[in-house]
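Colleague:
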Amino acid sequence: MKGRGRPAAGPEGLRPACYGQRFWLPACPSPMSPKLTRRQFLYAAVGGAAVLAAGGLIYALGQTPRQQPTQAASAQTSSPSATAQPRNLTIFARSAYHQQINRALMDYYNSHRPPVQFNYIPKGYSEEYQAILLAMKNKGSDYDILYIDEPWIYELYMNGWLDPLGKDLDTTGIPTYSAQLGEFNGEFYGMPVVGNFNFMFYNLNIIEKVGESPPKSWDDVLRIAEEVNQKLAPQSYGWSGNYPDGVISDVYATVLLSLGGYMFDPKDRVTPTLDTPQAVEAMKLIVELASPKRAHPKTMSWSSLTEYSDAILAGEVAMGAVWNGWVKDVDNPQRSKVVGQTYFIPMPGPKRVSQTGFWYYVVPVYSRNKDLAKDYITVATSYDAQKYAYLKAGLPPARINVYEDPEVKQSSRLAGMFYDVGKVGMPARTSPVYMDVESQLIAVANKAVLGQLTPEAAVQQMQQILVDATKRAGLLH
């Protein structure tokens, strides 16, 4: 992402002012504005910082599942003319379990519309992100729909790379902040499709084997993890998480939220705020959790997320930080040895929270099949489609009220837990500079975990990395 330079021209109505060389926005506040430049827009888009400061997400659940306007009625509306649009779509998206849930949504679409030939291109996380940037800079028309992560979305539409989806999309059941992340200048450019949250799991059977009850605090987690390692290793270990290549997004950021801290100021969402006692405390906590006396021995060397997930399903891990998709099969007897044993909770700090990590469908401006792509997005993100993909492929629905559906609740004891985790979701990676520096932050944090840096020194370095990147992007003066 470094060195992309200033675009030759911005989207209509936007100007490159206080965003520096990488972003375009409607206007910039005066130097005396109490909010930072880039967040003038973001703050307005989400209706103020109260959404985050309240400690959770407000979500619109005003309609019951039977009242969803995006159910069968939406699926019965006429589709784009087959003669006007070629009946094929290319979706550029993620691999692994993301591919399974997207396939289920494609199946749903083809059962409610004239069939489309889908070309699904799966990529790993970083590979997809970099490929999207390259394609958009080169005005590539190969992709009709992009499936993108929460931290990516602003960069894409601020560079004018996204086509508007409309002004009045139905967002019933989608947490308000997550829905509004897809809005820009009164129109939707991104529609939430996957409602991922980062939270904690525990295996009740393992915990009870060491005479403990479910953890209610981080002190409980530390104590229980140590007891499990002492008494049950090598069959089971106390703690783990995706430390090797995701310690910031997948562990630290959510632990920090649970302690009342933030990576970025919730008032403007761009000012780095790791210069706080909570930031140091969170670093100390993830270091203690990953110590050999508490953690699975592969905590610092998982070869993949699949290996970590498989260890959870095998009963090797008593507690850990996870995202929805990593634990979707815990009650699947075909894959899991821990059926009925696993429970999901918000991070057990003074603030009970999970971290949001929603995935969005967007249409690039260079697509040649925009109308068909938008019709697909409308159908695939409908309540019925979300419910179908949850039941068939374990989709974490962006419409979290799907978890309240009687059929869904009857199908899985996990539904209620996912709903409770979703209600307290908070964003953490809110600045556009995050993706630029994530690998640097991971390297520093893991030095602390390995004892090569003190937690205080690690947090100080991370804060400086974020400050420098934020200044380069023109977000701090």
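Okay, so the sequence shown: first residue is 115 according to our numbering, each after it adds one. All residues carry an ideal CB built from backbone N, CA and C; glycine is no exception. Fair warning: this is a prediction, and the values are worked out from it, not measured in the lab.
State the Cα-Cα distance for the pair Q154 and V547, rounded to the nearest angstrom.
Modeller: As a working note, residue 154 is residue 40 in the sequence shown. As a working note, residue 547 is residue 433 in the sequence shown. With a pLDDT of 34 at Q154, under the threshold of 50, the predicted position of this residue should be treated as unreliable, and no value is reported.
Colleague: In its own chain, which residues sit with a C-beta less than 7 Å from the C-beta of S415, not counting the 5 before and 5 after it?
Modeller: Looking up residue 415 in the sequence shown gives position 301. So the list reads P358, once near-sequence residues are dropped.
Colleague: Give a yes or no on contact between the region 361 to 375 and the region 393 to 405, applying the rule of three or more CB pairs nearer than 8 Å.
Modeller: yes
Colleague: What residues match up with W353 in a beta bridge as DSSP calls it?
Modeller: On the sequence shown, position 239 is the one that residue 353 refers to. DSSP, once it has assigned bridges, lists A409 and M433 as partnering W353.
Colleague: Let's see if you can read the secondary structure: which residues bound the beta strand (DSSP E) around P236?
Modeller: Taking the first residue of the sequence shown as 1, we reach residue 236 at position 122. First-last of the beta strand (DSSP E) with P236: Q231 to K237.
Colleague: Can you find the residues in the same chain that come closer than 6 Å, C-beta to C-beta, to S545, ignoring five residues on each side of it along the sequence?
Modeller: Locating residue 545 in the sequence shown gives position 431, where the first residue counts as 1. Only F378 and V384 meet the Cβ criterion.
Colleague: Go through its chain and collect everything with a Cβ distance to E113's Cβ below 8 Å, but skip five positions before and after it.
Modeller: The chain is shown only over 115 to 591; residue 113 falls outside these bounds and no answer can be derived.
Colleague: Counting only the same chain and skipping the five closest in sequence on each side, list residues whose C-beta sits under 7 Å from that of S209.
Modeller: Stepping through the sequence shown from its first residue, residue 209 is reached at position 95. Answer for S209: P236, K237 and G238, listed in chain order.
Colleague: Measure the alpha-carbon distance for A174 versus T568 and round it to whole angstroms.
Modeller: As a position in the sequence shown, residue 174 is number 60, starting the count at 1. As a position in the sequence shown, residue 568 is number 454, starting the count at 1. Legend: pLDDT at A174 = 38, less than 50; position of this residue unreliable, value from coordinates given subsequently. Cα-Cα distance, rounded: 43 Å.
Colleague: Taking its Cβ as the centre, do 16 or more other Cβ atoms sit within 10 Å of R408, making it buried, or is it exposed?
Modeller: By one-based count along the sequence shown, residue 408 stands at place 294. R408 comes out buried.
Colleague: Examine the Cβ distances between the region 444 to 457 and the region 237 to 254 and report whether three or more of them are shorter than 8 Å.
Modeller: no
Colleague: How would you call H591, buried or exposed, if buried means at least 16 neighbouring beta carbons within 10 angstroms?
Modeller: Indexing the sequence shown from 1 puts residue 591 at position 477. Here H591 is exposed, its C-beta having fewer than 16 other C-beta atoms within 10 Å.
Colleague: Count the other CB atoms within 10 Å of the CB of L564; is the residue buried (16 or more) or exposed (fewer)?
Modeller: The residue you call residue 564 lines up with position 450 of the sequence shown. Its Cβ having fewer than 16 others within 10 Å, L564 is exposed.
Colleague: With a Cβ-Cβ cutoff of 9 Å, do D277 and V479 count as a contact?
Modeller: Here residue 277 refers to the residue found at position 163 of the sequence shown. Here residue 479 refers to the residue found at position 365 of the sequence shown. In this structure, V479 lies closer than 9 Å to D277 by Cβ.
Colleague: Whole alpha helix (DSSP H) runs in the region 488 to 518 with 4 or more residues, listed along the chain?
Modeller: Runs found: 497 to 507.
Colleague: From which residue to which residue does the beta strand (DSSP E) around Y457 run?
Modeller: To locate residue 457, count along the sequence shown from 1; it is residue 343. T456 to I459 is the extent of the beta strand (DSSP E) around Y457.
Colleague: If I'm right that Y474 touches P306 with Cβ under 8 Å, what's the distance once you round it to whole angstroms?
Modeller: Counting from one through the sequence shown, the residue named residue 474 turns up at place 360. Counting from one through the sequence shown, the residue named residue 306 turns up at place 192. Right, their Cβ atoms sit about 6 Å apart.
Colleague: Mind the definition here: the region 332 to 349 touches the region 547 to 556 only if three or more C-beta pairs lie below 8 Å; say whether that holds.
Modeller: Segments in contact, no.
Colleague: I need the straight-line Cα distance from Q500 to A339, nearest angstrom please.
Modeller: Translated into positions along the sequence shown, residue 500 becomes position 386. Translated into positions along the sequence shown, residue 339 becomes position 225. Their backbone Cα atoms lie some 36 Å apart in a straight line.
Colleague: Report the rounded CA-to-CA distance for N216 versus F232, giving the unit in angstroms.
Modeller: The sequence position of residue 216 within the sequence shown is 102, counting from 1. The sequence position of residue 232 within the sequence shown is 118, counting from 1. Their Cα atoms are separated by approximately 11 Å.
Colleague: Helix or strand or just coil, what does DSSP make of V109?
Modeller: The requested residue 109 does not occur in the structure, where the chain is confined to residues 115 to 591.
Colleague: Return the CA-CA distance between Q213 and Y517, expressed in angstroms with no decimal places.
Modeller: In the sequence shown, counting from the first residue as 1, residue 213 sits at position 99. In the sequence shown, counting from the first residue as 1, residue 517 sits at position 403. For Q213 and Y517, the distance between alpha carbons rounds to 21 Å.
Colleague: Would you list the one or two residues that DSSP bridges to S418?
Modeller: In the sequence shown, the residue the question calls residue 418 occupies position 304. None, per the DSSP bridge assignment.
Colleague: When we look at the beta-carbon of K281 and count the other beta-carbons within 10 Å, is it buried (16 or more) or exposed?
Modeller: In the sequence shown, the residue the question calls residue 281 occupies position 167. Exposed.
Colleague: Are the Cβ atoms of A207 and I259 separated by less than 9 Å?
Modeller: In the sequence shown, the residue the question calls residue 207 occupies position 93. In the sequence shown, the residue the question calls residue 259 occupies position 145. Contact flag set, yes.
Colleague: Report the residue from R337, L486 and Y268 whose alpha carbon sits nearest the alpha carbon of N224.
Modeller: Locating residue 224 in the sequence shown gives position 110, where the first residue counts as 1. When each option's Cα is compared against that of N224, the closest is L486.
Colleague: Taking contact to mean 3 or more Cβ pairs, one atom from each stretch, closer than 8 Å, check whether the region 242 to 260 and the region 433 to 450 are in contact.
Modeller: Contact fails: fewer than three Cβ-Cβ distances are below 8 Å.
Colleague: Using the rule of at least 16 other Cβ atoms within 10 Å of the residue's Cβ for burial, across every protein chain shown, is E322 buried or exposed?
Modeller: If you number the sequence shown from 1, residue 322 lands on position 208. Under the 10 Å beta carbon count, E322 is surrounded by fewer than 16 other beta carbons and is classified as exposed.
Colleague: Using the rule of at least 16 other Cβ atoms within 10 Å of the residue's Cβ for burial, across every protein chain shown, is D333 buried or exposed?
Modeller: For the purposes of this step, residue 333 is taken as the residue at position 219 of the sequence shown. Under this definition D333 is an exposed residue.
Colleague: Do you know whose CA, among Y376, V436, G375 and Y504, lies nearest N317's CA?
Modeller: Translated into the one-based positions of the sequence shown, residue 317 becomes position 203. Ranking Y376, V436, G375 and Y504 by Cα distance to N317 puts V436 first.
Colleague: Just checking my contact of V308 with F472 at CB under 8 Å: how many whole Å lie between their CB atoms?
Modeller: Reading the sequence shown from its first residue, position 194 is the one you call residue 308. Reading the sequence shown from its first residue, position 358 is the one you call residue 472. Going by Cβ atoms, the distance from V308 to F472 rounds to 6 Å, so yes, they are a contact pair.
Colleague: With DSSP as the reference, identify every bridge partner of S468, one or two as the case may be.
Modeller: Translated into positions along the sequence shown, residue 468 becomes position 354. Note: S468 sits in a beta bridge opposite G539.
Colleague: Which residue spans inside the region 253 to 326 form an unbroken alpha helix (DSSP H) run of at least 4?
Modeller: Fully enclosed alpha helix (DSSP H) runs of no fewer than 4 residues occupy 267 to 272, 290 to 294 and 318 to 323 of the region 253 to 326, in order along the chain.
Colleague: Could you check if E402 is buried or exposed, using at least 16 other CB atoms within 10 Å of its CB as the buried criterion?
Modeller: Against the sequence shown, residue 402 aligns to sequence position 288. Its Cβ being crowded by 16 or more others within 10 Å, E402 is buried.
Colleague: Under a three-way DSSP split, which group does A529 fall into?
Modeller: Your numbering for residue 529 matches position 415 in the sequence shown. Reduced to three states, the DSSP call for A529 is helix.
Colleague: According to DSSP, is L203 helix, strand or coil?
Modeller: Position 89 of the sequence shown, counting from 1, holds the residue named residue 203. L203: strand per DSSP, three-state reduction.
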